[in-house]
Ligand code: NAP
């Protein structure tokens, strides 16, 4: 969704995630009316402020759409056995169609193990190894919700991706890698940068040639505005709390002098990701109906 920016952002058009999420919500509402019953989303949240805020946002959107929610808010000292037991119970419960476990998880919980024990047909974050393997061959049945949000925001610009130089900064399993795969599927010439790129002092060089730049590092204002190529599309996935304010991974004000399109933080990728979890819950419901 494009929103003309105020005069303080002379070059850029803001990619308004809240408005795009609203559009997707209307499509999902129509789809939900065609289902034989309401899907149920199980959310595992941890006793941490960020997790609680995100959980509230998910429940609000789910309930507004007519998706039921079951929430388990776990203490930060929860045992790995308890988390595993809960997931296995929801895996076996035909009344739960989607499962989402908040990240970051407490240090005693092995996030990779948790992702791998969720029934892949119920994994609405789209990060089970089965989805990652299928994504490699462009055949994912449930996409990574954050990567889908990034792609939807890029698509909303109307700019074709084919042949563009796309640069992703960050190579995590849940954001950087799946985004890289989807950009590749869209025939963008894709580079994935990571700590090695930074240590080799070559990050700036890669960012400078990006027609499409996606940053998911988790370090406030890590990518400097002056590195941005004139006319680039910039998608800032980062969420960092600095002095009580949420900041992205890109130096926003400086970047707006060069980018053609840019996502704000907050209000960019976040709201679209929440909506993609809802979309995936509907996909998961349909997958389970087909195999019932
Ligand atoms: P993560 O698992 O911590 O991954 C961060 C990535 O950045 C890793 O691949 C890491 O590489 C890389 N990195 C770290 N330092 C770097 C450096 N100096 N130069 C280049 N790369 C570097 O985090 P994540 O889950 O991908 O999330 C990234 C950010 O996005 C966080 O702020 C998170 O809160 C946010 N997020 C937002 C949404 C949303 O919906 N808006 C969704 C998910 C995540 P190594 O692994 O090699 O260290």
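Residue numbers (the working numbering): 121 to 412. Note that the Cβ used here is the ideal one computed from N, Cα and C, for glycine as well.
Per DSSP, the beta bridge partners of residue 365 are 362.
In the structure shown, the three-state DSSP call for residue 190 is strand.
Excluding five sequence positions before and after residue 190, the CB atoms of its chain that fall closer than 6 Å to its own CB belong to 162, given in chain order. Residue 287 and residue 266 do not touch by the CB rule: their CB atoms are close to 17 Å apart, not below 8 Å. When distances are taken from the beta-carbon of residue 358 to the heavy atoms of ligand 1, the shortest one is below 8 Å. Every beta strand (DSSP E) of 3 residues or more that sits fully in the region 303-333 is shown, in chain order, as 309-313. By the criterion of at least three beta-carbon pairs nearer than 8 Å, the region 200-218 is not in contact with the region 368-379. No heavy atom of ligand 1 is found nearer than 8 Å to the CB of residue 186. With contacts defined as CB atoms closer than 9 Å, residue 200 and residue 228 qualify as a contacting pair. By the criterion of a C-beta distance shorter than 6 Å, residue 225 is surrounded in its chain by 231, once the five residues flanking it on both sides are discounted. Under the 10 Å beta carbon count, residue 399 is surrounded by 16 or more other beta carbons and is classified as buried. By the CB criterion at 9 Å, residue 333 and residue 352 fall inside the cutoff. Taking 9 Å as the cut-off, the Cβ atoms of residue 202 and residue 194 count as close. Taking C-beta separations shorter than 8 Å and ignoring five residues to either side along the sequence, the partners of residue 251 in its chain run 240, 243, 260, 261, 262, 263, 264, following chain order. Contact between residue 269 and residue 393 holds, with the beta-carbon distance rounding to 4 Å and staying under 8 Å. Beta bridge pairing from DSSP links residue 164 with 192, 221.
Out of 149, 302, 356, the CA that lies nearest to the CA of residue 184 is found in 149. Close CB contacts of residue 405 within its chain, under the 7 Å cut and outside five residues either way in sequence, are with 155, 159, 217 (chain order).
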